[in-house]
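Here is the structure we will look at, set down as structure tokens.
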Amino acid sequence: MFEGVLATLMTAFRGSTFRSMTSAPVRQPATTRLATTRRYLMCSPTYFAVEYSINPWMDPTRPVSTEGAVAEWTALKETYERLGHTVETIAPQPGLPDMVFSANSGTVIDGVVLGSRFRAPQRAAEADFFRTWFLDRGYRDIVMPEKINEAEGDLTWTGDLLLAGTGFRTDPGAHAEAQEVLGVPVVSLHLVDPRYYHLDVALFVLTEATPTSRAHIAYYPAAFSPGTQRLLRRLYPDAILATEEDAACLGLNAVSDGRNVILPKEATTLTTQLHTHGYTPHPVDITELRKSGGGPKCCTMELRDRTL
8 MFEGVLATLM
18 TAFRGSTFRS
28 MTSAPVRQPA
38 TTRLATTRRY
48 LMCSPTYFAV
58 EYSINPWMDP
68 TRPVSTEGAV
78 AEWTALKETY
88 ERLGHTVETI
98 APQPGLPDMV
108 FSANSGTVID
118 GVVLGSRFRA
128 PQRAAEADFF
138 RTWFLDRGYR
148 DIVMPEKINE
158 AEGDLTWTGD
168 LLLAGTGFRT
178 DPGAHAEAQE
188 VLGVPVVSLH
198 LVDPRYYHLD
208 VALFVLTEAT
218 PTSRAHIAYY
228 PAAFSPGTQR
238 LLRRLYPDAI
248 LATEEDAACL
258 GLNAVSDGRN
268 VILPKEATTL
278 TTQLHTHGYT
288 PHPVDITELR
298 KSGGGPKCCT
308 MELRDRTL
């Protein structure tokens, strides 16, 4: 029944005038992938450490190099800038070692900001610092969620749908709240493997949907329930399917502008798949950041401002 409703929804949106918030071009053959300029929000890992454990990747007894994390983050930021993207920054705060993972603190679509409400009390204070950042920069449509909602960690914009993960962090009820606040259709996806505690470590968008083409995504099937796997196959029959090895190095915690894909350097099979599909991979080092369960996407919130 749900899939029938979804099919109707998809048909309606294929024929609508709804546009990708980044005005992505129509998806081209593999040899002519087109990049679109993005605007990102990042936070330096100045106070990065693994002081607690809230996912299977985190081990407080394992040595962590804050200096190494800063170097990895700086290289990631410089990669975005070299590719022509704009990077805004928010000041890191002492006592909040995971604030570097800015994707978890807001979802911005058409200038509307849906903030975050963290499940782990250790991260709760991050949300208000990000809210203040948006207020100070003139954003007025800012809503702080009532339900547990870890923002772009579990909410992935595809250009016509918001894919919404649940299972470990974000409450299922937050999906309806996101739809109401952001005014976009939401499709719920159920995560079942605790290593992939957020949607953004199990799936990412390569090319956003347009009125004439569906989004192109990559994901790791085993991270999802059987029903969700069937749903993803129906929605995205041409998706790139990641191997267990590439998923296990957080290879899917990647960022794409439609042509350039920034991903962990260990995801070698995925890198080859991306080349085959006409994308340009940009491998980066996340050795230290991965010790907290994060990678390029975790460090990167996309700012999709209002379009005229």
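So the mapping is simple: the numbering used here equals the position in the sequence shown, first residue as 1, plus 7. Beta carbons: idealized from backbone N, C-alpha and C, even for Gly. What you are looking at is a predicted structure, and each value in this text was computed from that prediction instead of being measured.
Item to check | Sufficient close CB pairs (3 or more, under 8 Å) joining the stretch 162-174 to the stretch 126-141 | outcome: no
Item to check | Contacting residues, own chain, Cβ-Cβ under 6 Å from R313 (five flanking each side not counted) | outcome: The residue you call residue 313 lines up with position 306 of the sequence shown. Closer than 6 Å at Cβ, skipping near neighbours: D117 and G118.
Item to check | For P288 and G160, the rounded distance between their alpha carbons | outcome: As a working note, residue 160 is residue 153 in the sequence shown. As a working note, residue 288 is residue 281 in the sequence shown. Rounded to the nearest angstrom, the two C-alpha atoms are 22 Å apart.
Next on the checklist: Using 8 Å as the threshold, is the C-beta distance between V107 and C256 below it?
Outcome noted: For the purposes of this step, residue 107 is identified with residue 100 of the sequence shown, where counting begins at 1. For the purposes of this step, residue 256 is identified with residue 249 of the sequence shown, where counting begins at 1. No.
Item to check | Proximity to E214 [Cα-Cα], best of H205, D207, G301 and A225 | outcome: Within the sequence shown, numbered from 1, the residue matching residue 214 stands at position 207. The sequence given here places Thr at residue 214; Glu does not occur at that position. Closest by alpha carbon: A225.
Item to check | C-alpha gap between L296 and A249, whole angstroms | outcome: As a position in the sequence shown, residue 296 is number 289, starting the count at 1. As a position in the sequence shown, residue 249 is number 242, starting the count at 1. Cα-Cα distance, rounded: 21 Å.
Item to check | Residues near I155 in its chain [Cβ-Cβ closer than 8 Å; skip 5 each side] | outcome: In the sequence shown, counting from the first residue as 1, residue 155 sits at position 148. Closer than 8 Å at the Cβ level, and outside the excluded window around I155, lie R124, F125, R126, R176, T177, D178 and A181.
Checklist entry - Is E79 near Y47, with beta carbons less than 8 Å apart? => result Looking up residue 79 in the sequence shown gives position 72. Looking up residue 47 in the sequence shown gives position 40. It is not a contact, given that the beta carbons lie outside the stated cut-off.
Checklist entry - According to DSSP, is L83 helix, strand or coil? => result As a working mapping, residue 83 is identified with position 76 in the sequence shown. Helix, per DSSP.
Checklist entry - Cβ of A185 within 8 Å of Cβ of T114? => result Along the sequence shown, one-based indexing puts residue 185 at 178. Along the sequence shown, one-based indexing puts residue 114 at 107. Their beta carbons are under 8 Å apart, which means A185 touches T114 by this criterion.
Checklist entry - The alpha helix (DSSP H) spanning L95 covers which residue range? => result As a first step, residue 95 must be located in the sequence shown, where it is residue number 88. It should be pointed out that residue 95 corresponds to Glu in this sequence rather than to Leu. Premise fails: E95 lies in the beta strand (DSSP E), T93 to I97, not in any alpha helix (DSSP H).
Item to check | Candidates D292, L242 and G300, of which the one nearest A209 by Cα | outcome: Indexing the sequence shown from 1 puts residue 209 at position 202. With distances taken between Cα atoms, A209 lies closest to G300.
Checklist entry - Buried or exposed: H92, going by 16 or more other Cβ atoms within 10 Å of its Cβ? => result Translated into the one-based positions of the sequence shown, residue 92 becomes position 85. Flag for H92 reads buried.
Item to check | Given C51 as reference, the closest of T73, L259 and L277 once Cα atoms are compared | outcome: Within the sequence shown, the letter at position 44 stands for residue 51. The question names Cys, yet the displayed sequence has Ser at residue 51. S51 has its Cα closest to that of T73, out of T73, L259 and L277.
Checklist entry - Nearest CA to the CA of W64: which residue from A171, L310 and D200? => result Start at 1 with the first residue of the sequence shown, and residue 64 comes out as number 57. It is D200 whose Cα lies nearest to the Cα of W64.
Checklist entry - Rounded C-beta distance between A158 and S112? I'm assuming under 8 Å. => result If you number the sequence shown from 1, residue 158 lands on position 151. If you number the sequence shown from 1, residue 112 lands on position 105. At roughly 6 Å, the Cβ-Cβ gap stays under 8 Å, so A158 and S112 are in contact.
Next on the checklist: Looking at A171: is its Cβ nearer than 8 Å to the Cβ of V194?
Outcome noted: By 1-based counting over the sequence shown, the position of residue 171 is 164. By 1-based counting over the sequence shown, the position of residue 194 is 187. Yes, the pair counts as a contact, with Cβ atoms nearer than the cut-off.
Checklist entry - Are there 16 or more other CB atoms within 10 angstroms of the CB of G102, so buried, or fewer, so exposed? => result Within the sequence shown, residue 102 is the residue found at index 95, counting from 1. Burial call: exposed.
Item to check | Delimiting residues of the alpha helix (DSSP H) encompassing A183 | outcome: Walking along the sequence shown from the start, residue 183 turns up at place 176. Taken as a continuous stretch (DSSP letters only), the alpha helix (DSSP H) holding A183 covers G180 to L189.
Item to check | Contacts around I97, its chain only, beta-carbon distance under 6 Å, and the 5 residues preceding and following it disregarded | outcome: The count along the sequence shown starts at 1 and reaches residue 97 at position 90. Hits under 6 Å: C50 and W140.
Next on the checklist: Contact defined as beta carbons within less than 8 Å: I believe T86 pairs with I293. What is the distance between those atoms, to the nearest angstrom?
Outcome noted: Taking the sequence shown and counting its residues from 1, one reaches residue 86 at position 79. Taking the sequence shown and counting its residues from 1, one reaches residue 293 at position 286. About 12 Å; that fails the 8 Å criterion.
Item to check | Coil, strand or helix - E252 by DSSP | outcome: Residue 252 sits at position 245 when you count from the first residue of the sequence shown. E252 falls in the helix class under three-state DSSP.
Item to check | Cβ neighbour criterion (16 or more within 10 Å) applied to R45 | outcome: Here residue 45 refers to the residue found at position 38 when the sequence shown is read from its first residue. Buried.
Item to check | Interface flag, T287 vs chain D, CB-CB below 8 Å | outcome: In summary, chain D is missing from the structure at hand, where a single protein chain is found.
Checklist entry - Residues in its own chain within less than 6 Å of L277 by CB, not counting five upstream and five downstream? => result The residue given as residue 277 occupies position 270 in the sequence shown. These residues qualify, in order along the chain: A249, D253 and G258.
Next on the checklist: Within 10 Å of its beta-carbon, does P290 have 16 or more other beta-carbons around it, so buried, or fewer, so exposed?
Outcome noted: Against the sequence shown, residue 290 aligns to sequence position 283. Burial call: buried.
Next on the checklist: Please state the DSSP three-state secondary structure of P192.
Outcome noted: The residue you call residue 192 lines up with position 185 of the sequence shown. Coil.
Item to check | Where T44 sits in the DSSP three-state scheme | outcome: Position 37 of the sequence shown, counted from the start, is the residue given in the question as residue 44. The answer is coil: DSSP assigns T44 none of H, G, I, E or B.
Checklist entry - What's the call for D207, buried or exposed, on a 16-neighbour Cβ count within 10 Å? => result Looking up residue 207 in the sequence shown gives position 200. When all chains shown are included, D207 counts as buried.
Item to check | Paired residues, beta bridge with P290 - DSSP | outcome: Position 283 of the sequence shown, counting from 1, holds the residue named residue 290. L270, per the DSSP bridge assignment.
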